[in-house]
Structures are given as structure tokens and as C-alpha cells.
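Read top to bottom, the protein sequences are chains Y and S. Using our numbering, you'd call the opening residue of the first sequence number 90 and step up by one each time. Using our numbering, you'd call the opening residue of the second sequence number 90 and step up by one each time. Backbone N, C-alpha and C fix where the C-beta goes; we use that ideal spot for every residue, glycine too. One structure is given here, and the rest of the page talks about it.
Number of protein chains: 2
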Amino acid sequence: MAATQELTKNQSLVFDALTRADGPLSAYTILDQLRENGFRAPLQVYRALDKLLDYGMIHRLESINAFVACSHPHDHSHSHGMIAFAICEKCGQVTEFSDEVITARVREWTKGNGFKPSKTTIEIRGICASCSTA
Amino acid sequence: MAATQELTKNQSLVFDALTRADGPLSAYTILDQLRENGFRAPLQVYRALDKLLDYGMIHRLESINAFVACSHPHDHSHSHGMIAFAICEKCGQVTEFSDEVITARVREWTKGNGFKPSKTTIEIRGICASCSTA
DNA sequence: TTGACTAATGTAATAACATCACATACGAAC
DNA sequence: GTTCGTATGTGATGTTATTACATTAGTCAA
Chain Y
90 MAATQELTKN QSLVFDALTR ADGPLSAYTI LDQLRENGFR APLQVYRALD KLLDYGMIHR
150 LESINAFVAC SHPHDHSHSH GMIAFAICEK CGQVTEFSDE VITARVREWT KGNGFKPSKT
210 TIEIRGICAS CSTA
Chain S
90 MAATQELTKN QSLVFDALTR ADGPLSAYTI LDQLRENGFR APLQVYRALD KLLDYGMIHR
150 LESINAFVAC SHPHDHSHSH GMIAFAICEK CGQVTEFSDE VITARVREWT KGNGFKPSKT
210 TIEIRGICAS CSTA
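What follows is the structure in C-alpha cells.
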């Protein structure tokens, strides 16, 4: 499984909702948006989100309990590196970037300490450029 | 406000609970532990946690909704740098470290993108050395 | 075609995490 | 002692996520 068109109905609905939104959405916000599509329960959303996370098509922002569509959907180059997120606390915009230096440095630490990493979260909250000039 | 002995009663109780524990605790776990000390409601815990976070005496682990006592309580050297956490998903142990290279690299990114950071989260989940040999 | 298996879905209930709103108490400054 | 800020007590509510169980739909082989 890899491409968008192979998603199930619910997965597509959830993924489309996240793609339409230009910022992170909470699971319950997605649920509300999809009620007209027949969604009734949180689990319908969470199950789809789990799969989409598996497929690497979306990300979970731990610090705000929300989800975003991956902004580099066709770029698998950073899929094994760490992804960092800058989250604007004013407008909600999320910028995704990956940095080899940080990735390498984290890997050094884990190697040096015998720690086997499974998932690494890097989230910077603050005010984005447009919001601080506005 | 800076030192432990200036904490209020509730703040001390919460801080002590976190210090006794040798791993992260959720707010509700703390609440349960402090019922015999008169705690009745979540807010009593959350208010204390907020202050302790302000004072830099504890940290919040965003990825697991839990709190830990700072492991470098007398070391203010890294208090303006970023702190990273390695969280063992097996035993719950949390190792706290700060890395100037990562800190610098994040600062570079934020400067370069006009992003004003307020709080940065770095959390590595995985299996710690003792758990992977055991 | 039937049966067996697997993946996806539907639904209700509940658990886990966090905040709001309002009342009361306490200490310091005047 | 009044005023003011901080801390506290308490119930209700809001938000996020999971458990448990039933049902549906597709695949594949006998």
C-alpha cells in the first residue's frame, strides 16, 4: 500500500479533510466535518488516522493533539530522517522540515547510549513570520 | 521564586510525588497518590504542575501526557537551551539531555525563517539500553 | 457456491486528559 | 481592618482516545 487511490473510503475521507484544511485538525474536528458523510463515532476517525500515519501520509502533532497532511507527500527522501515541525500558535500554520544535522546528532546520542529509537518528535511552537510582522 | 522550600503546600506535594517516582507520572496518577493528603480534584494537581513548569522544576512529556521532575535541578546552564528526552516505552525511564548542536541548528532554522520560538519539544521514544539487553 | 479467513466498518460505552466557573481562604501592603 | 493578589476547594464540563463487541465486505481455496 502506498498511493492515495488505494485508500479505503473512510481513510480517503479523513485524508481529504486534512488535505483541504491548511492547518492541523483534531480528530474530533475531523469527525464533525465528516458527519455529513456518515461518520458517527470517534473510532471511525482514529482508525483511519492510524492507517494514514502508518502509510506516512499524515503526521501527528503531539504537542497539540492534532493531525496534518504531510507536506512532502511525494518526497520519500526524508521518510527515514527525522521530521521537525514549526507550529504557529497564532495562525495554526505548520511548517515541516527535516534537518540532517539534527537527525545525525540524535542518532549519535541514541547510538552512544544504546537507545533504540522508534519515533522521534521535534516540535517548535511559537509565532511564525507572517504573524509577527502583521 | 526559585527554591524548593518556597513552594506552596500543594506544589510541594506534587513536586515530591514526582521526585519520589523514578519515571514520569500522569496528572491523574499524581492525584490518586495525593488523595490521602487531601487532594480531591484534578485542578489541584494541574495548578501545581503549571507553577512547577514555570519554575523549571519539572518537565512535561508531550508525547505521553506525563510529567517528570527535572533531572538537573541545580544546573541552570541548560535552562535556556533545548532539552531532549529519551523515553523508554518498556520501562518508562526518561533520560534528559541537552545538545548544543541541536539547539544551535534549531535556532538557525527559526532565525532563517523568521519564526519566534516559545517552546521546543524533542522527545525520542524507543527502548533503552537496559531493556534491550534484558 | 460455500466456507473460512482477513480487513474494514458501525456503534455504544467508557477511560484518560484537561479546563471552566465560581466560591472561599490566606497573607502582605496600605 | 480593608484591599488586593495568590492559593485553594469543588463540581461540572469539555476534549481526546480506547475498549468491547457486532456487522459487513472482499478474497481465496476447496
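With 16 as the cutoff for other CB atoms within 10 Å, does residue i come out buried or exposed?
i: residue 102 of chain S; result: buried
i: residue 166 of chain S; result: Confidence at residue 166 of chain S is low in this model, with a pLDDT of 49, below 50, so the placement of that residue is unreliable and no value is reported for it.
i: residue 92 of chain S; result: Here the model assigns residue 92 of chain S a pLDDT of 42, short of 50, so the residue's position is not dependable and the matter cannot be decided.
i: residue 173 of chain Y; result: buried
i: residue 151 of chain Y; result: buried
i: residue 194 of chain Y; result: buried
i: residue 96 of chain S; result: buried
i: residue 107 of chain S; result: buried
i: residue 123 of chain Y; result: buried
i: residue 210 of chain Y; result: buried
i: residue 100 of chain S; result: buried
i: residue 192 of chain Y; result: buried
i: residue 141 of chain Y; result: buried
i: residue 94 of chain S; result: The predicted model places residue 94 of chain S with a pLDDT of 48, which falls under 50 and marks its position as unreliable; any figure quoted below should be read in that light. Exposed is the call here.
In chain S, what lies closer than 7 Å to residue i by C-beta?
i: residue 113 of chain Y; result: Simply none; closest approach about 14 Å.
i: residue 194 of chain Y; result: 188, 190 and 191
Residues of chain S with CB under 9 Å from residue i, in chain order?
i: residue 127 of chain Y; result: Neighbours of residue 127 of chain Y on chain S: none; closest Cβ ~31 Å, over 9 Å.
i: residue 221 of chain Y; result: 203, 204 and 205
i: residue 199 of chain Y; result: 175, 213 and 215
For residue i, return the contacting residues in chain Y, with the cut-off set at a CB-CB distance below 9 Å.
i: residue 156 of chain S; result: Ordered by position in chain Y, no residue passes the 9 Å Cβ test against residue 156 of chain S, which lies about 14 Å from the chain.
i: residue 136 of chain S; result: Near residue 136 of chain S there are no residues of chain Y at all, since even the closest Cβ is about 21 Å away, more than 9 Å.
Does the beta-carbon distance from residue i to residue j come in below 7 Å?
i: residue 160 of chain Y; j: residue 189 of chain Y; result: no
i: residue 158 of chain S; j: residue 114 of chain S; result: no
i: residue 138 of chain Y; j: residue 128 of chain Y; result: no
i: residue 187 of chain Y; j: residue 170 of chain Y; result: yes
i: residue 135 of chain S; j: residue 110 of chain S; result: no
i: residue 205 of chain Y; j: residue 219 of chain S; result: no
Residue i touches chain S at which residues, Cβ-Cβ below 8 Å?
i: residue 151 of chain Y; result: 151, 152, 210 and 212
i: residue 218 of chain Y; result: 202, 203 and 204
i: residue 143 of chain Y; result: Near residue 143 of chain Y there are no residues of chain S at all, since even the closest Cβ is about 16 Å away, more than 8 Å.
For residue i, go through chain Y and note every residue whose CB falls closer than 7 Å to its CB, in chain order.
i: residue 185 of chain S; result: The contacting residues do not exist; residue 185 of chain S stays about 12 Å from chain Y at best.
Just to make sure I have the definition right: I need the residues of chain Y whose C-beta is within less than 8 Å of the C-beta of residue i. Which are they?
i: residue 178 of chain S; result: 207
Under 8 Å by Cβ, that's how I've got residue i and residue j pegged, so tell me the actual separation to the nearest angstrom.
i: residue 104 of chain S; j: residue 153 of chain S; result: Wrong, their Cβ atoms sit about 19 Å apart, outside the cutoff.
Margin query: Tell me whether the stretch 205-218 of chain S and the stretch 169-179 of chain S touch, counting them as touching only if at least three CB pairs, one residue from each stretch, are closer than 8 Å.
Written below: yes
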